[in-house]
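Numbered per this note's numbering, the sequence shown spans residues 6 to 80.
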Amino acid sequence: MIIITGPQRTPDELGDLHEAAGILNAELLHGDGAQWVLADVEVFYRLAGWDCCTHATTDVQIAEACGWIIKDLPA
Numbered sequence: 006m007i008i009i010t011g012p013q014r015t016p017d018e019l020g021d022l023h024e025a026a027g028i029l030n031a032e033l034l035h036g037d038g039a040q041w042v043l044a045d046v047e048v049f050y051r052l053a054g055w056d057c058c059t060h061a062t063t064d065v066q067i068a069e070a071c072g073w074i075i076k077d078l079p080a
């Protein structure tokens with residue numbers, strides 16, 4: 006399973022995150038209908054600009070605490 010995060014401060018950023026999730030067949034860490042199991046996570050992707058968003062920063066901290074492989078997606 007792939008989990009993804011990124012900027013979520015505006016409707017456009019949230020739309021971009023949902024679009025990327027759809028392309029990658031990924032799940033959001035938080036949100037409506039989030040269904041994943043810790044042990045099933047293979048990789049955690051971060052969209053550019055994630056570090057400017059408190060929601061995404063929290064997602065990354067959770068990923069780090071879980072020991073997931075974290076990869077940055079190019080802008």
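Every residue gets a Cβ at the ideal spot worked out from N, C-alpha and C, and that includes glycine. Since the model is a prediction, treat every value here as computed from it, not as a measurement.
When the beta-carbon positions are compared, Ile8 and Leu34 come within less than 7 Å of each other.
7 Å or more divides the Cβ of Thr10 from the Cβ of Asp56. For Glu32, the beta-bridge partners assigned by DSSP are Ile8.
Within the stretch 36-80, complete alpha helix (DSSP H) segments of at least 4 residues are found at 59-71, given in chain order.
The straight-line gap separating the alpha-carbon atoms of Ala70 and Arg51 is approximately 15 Å.
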